[in-house]
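Only one structure is covered here, and it is reproduced in the block below.
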Amino acid sequence: MPRKIIIDTDPGQDDAAAILLALASPDELELLGITTVAGNVPLDLTTKNAQMVCEVAKRPDVKIFAGCDRPLAHTLVTAEHVHGKTGLDGPPLPNPKMPVQDQHGVDFIIDTLRHEPPGTVTICPLGPLTNIGTALQKAPDIADRIQEIVLMGGAYFQVGNITPAAEFNIYVDPEAADIVFKSGAPIVVMPLDVTHKVLVTQARLDAFRALGTHVGRMVAGWTEFFERFDKEKYGSAGAPLHDPTTIAYLLRPDLFSGRHINVEIETGSKLTRGMTVADWWRVTDRPANATFMGDVDADGFFELLTERMARL
Ligand code: RIB
Ligand code: CA
């Protein structure tokens, strides 16, 4: 029985790879819908990019719902410097033709959780947590109907990428993240501590291209665009492929290891806004509320990703 998931996303080249990985795994995952959120680029672009990614996968049937266009409390901070002005810079793509659903993404999340049996829907947030936080505020009853929230965001040992203290997804909407981390829903966190270990080296990039398929060329092209920022900044061997780690966890949890600990979100300080204060060393008696991942089998991750891309 495939696991039912909703992907909440701000594509984003790495979001695109995550969506493709999910679409390439129908035996294990049933994608109920994609909800888009403002993040890497404004909502109109993240929504258009989600349409384009589904069309790259030849899946115009996927239901896409536009969500929130700004964070709960702050003005929107975007990341064109990383993802380009379209948010999906790289190989050119035609304008999408597939529809976007009329229902608001937040209402789709609420209705889906209320209509599916409790504990049978997993949410995979790949961007700022605005849609999830808004859904929990609007419908607190859904908190204990969520099977699991498997999100990319935050950092502990890797600290920050948009400020010295915070990772982008949490930084953009710390109030929404605070609601999510206090919701009581089971949470798995894929922080920069893990995603900075899945770097798209030249060999891994070549493996995407060697697939000889449209999807392989697209993933290689997106990664090549996306990596120039991280290589310059971190001198790393390639781009960290952040978002697909969430989908990979659903397919192969054995590739990851972490700790069930307390994680709280800084919302008051200007200096450390959006910091995920992870009690990795359990120095407090604050109750554990998240499985915070710390390590990954990077080769295993890329073998899985490349093998699945070959199926599209
Ligand atoms: O900090 C990395 C995260 O921010 C990724 O989800 C990337 O797509 C951007 O949204
Ligand atoms: Ca993202």
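Heads up: take any position in the sequence shown, counting from 1, add 89, and you land on my numbering. Glycine is no exception: its CB is placed at the ideal position from the N, C-alpha and C atoms.
message: Beta-carbon within less than 6 Å of Lys152's beta-carbon, same chain only, minus the 5 sequence neighbours each way: which residues are those?
response: As a first step, residue 152 must be located in the sequence shown, where it is residue number 63. Taken in chain order, the residues that qualify are Gly122, Gln190.
task: Leaving out five residues on either side along the sequence, give the residues of the same chain with a beta carbon under 7 Å from the beta carbon of Pro333.
output: Taking the first residue of the sequence shown as position 1, residue 333 is located at position 244. Only Asp103, Ala106, Ala107, Leu110, Leu394 meet the Cβ criterion.
- request: Could you tell me the distance, in whole angstroms, from the CA atom of Val292 to the CA atom of His204?
  value: Within the sequence shown, residue 292 is the residue found at index 203, counting from 1. Within the sequence shown, residue 204 is the residue found at index 115, counting from 1. For the record, residue 292 in the displayed sequence is Ala; it is not Val. The C-alpha of His204 is placed about 45 Å away from the C-alpha of Ala292.
task: Could you tell me whether the region 164-181 touches the region 138-147, using the rule of 3 or more Cβ pairs below 8 Å?
output: Touching, yes, given that three or more Cβ pairs across the two stretches are closer than 8 Å.
field: Nearest neighbour of Ala377, chosen from Gly305, Asp150, Ile350 [CA to CA]
entry: Looking up residue 377 in the sequence shown gives position 288. Ala377 has its Cα closest to that of Ile350, out of Gly305, Asp150, Ile350.
- prompt: If you draw a straight line from the alpha carbon of Leu294 to that of Val304, how long is it in whole angstroms?
  reply: On the sequence shown, position 205 is the one that residue 294 refers to. On the sequence shown, position 215 is the one that residue 304 refers to. The alpha-carbon atoms of Leu294 and Val304 are separated by roughly 13 Å.
Euclidean distance between Cα positions of Pro181 and Pro229: Translated into positions along the sequence shown, residue 181 becomes position 92. Translated into positions along the sequence shown, residue 229 becomes position 140. One alpha carbon belongs to Pro181, the other to Pro229, and they sit about 42 Å apart.
- prompt: With distances taken between CB atoms, is the gap from Asp282 to Ile354 smaller than 8 Å?
  reply: Walking along the sequence shown from the start, residue 282 turns up at place 193. Walking along the sequence shown from the start, residue 354 turns up at place 265. It is not a contact, given that the beta carbons lie outside the stated cut-off.
- request: Taking only the alpha-carbon atoms, compute the straight-line gap between Val239 and Ile212 and give it to the nearest angstrom.
  value: The sequence position of residue 239 within the sequence shown is 150, counting from 1. The sequence position of residue 212 within the sequence shown is 123, counting from 1. Put simply, the backbone Cα of Val239 is about 6 Å away from that of Ile212.
query: Do you know how far the Cα of Val166 is from the Cα of Ile276?
result: Residue mapping note: residue 276 aligns to position 187 of the sequence shown, counting from 1. Residue mapping note: residue 166 aligns to position 77 of the sequence shown, counting from 1. If you take the alpha carbons of Ile276 and Val166, they lie about 25 Å apart.
- prompt: Is Thr209 near ligand 2, going by C-beta to nearest heavy atom under 7 Å?
  reply: On the sequence shown, position 120 is the one that residue 209 refers to. Every heavy atom of ligand 2 is 7 Å or more from the Cβ of Thr209, so no.
Alpha-carbon to alpha-carbon, Pro329 and His285: Start at 1 with the first residue of the sequence shown, and residue 285 comes out as number 196. Start at 1 with the first residue of the sequence shown, and residue 329 comes out as number 240. Taking the Cα positions, His285 is about 5 Å away from Pro329.
message: Pull the bridge partners of Thr334 from the DSSP assignment, please.
response: As a working mapping, residue 334 is identified with position 245 in the sequence shown. Assignment of beta-bridge partners to Thr334 by DSSP yields no partner.
message: As a quick exercise: from Glu169, Met398, Glu144, pick the residue whose alpha carbon is nearest that of Gly301.
response: For the purposes of this step, residue 301 is identified with residue 212 of the sequence shown, where counting begins at 1. The alpha carbon of Gly301 has as its nearest neighbour, out of Glu169, Met398, Glu144, the alpha carbon of Met398.
- prompt: Is Val372 buried or exposed, if buried means 16 or more other CB atoms sit within 10 Å of its CB?
  reply: Residue numbering aside, residue 372 sits at position 283 when the sequence shown is read from its first letter. Exposed: under 16 other Cβ atoms inside 10 Å.
query: Does the beta carbon of Asp332 fall short of 7 Å from some heavy atom of ligand 1?
result: The residue labelled residue 332 in the question sits at position 243 within the sequence shown. Flag set: Cβ of Asp332 near ligand 1.
message: Just to check my reading of the structure: Pro217 and Glu256 have Cβ atoms closer than 8 Å, yes? What is that Cβ distance to the nearest angstrom?
response: The count along the sequence shown starts at 1 and reaches residue 217 at position 128. The count along the sequence shown starts at 1 and reaches residue 256 at position 167. About 11 Å; that fails the 8 Å criterion.
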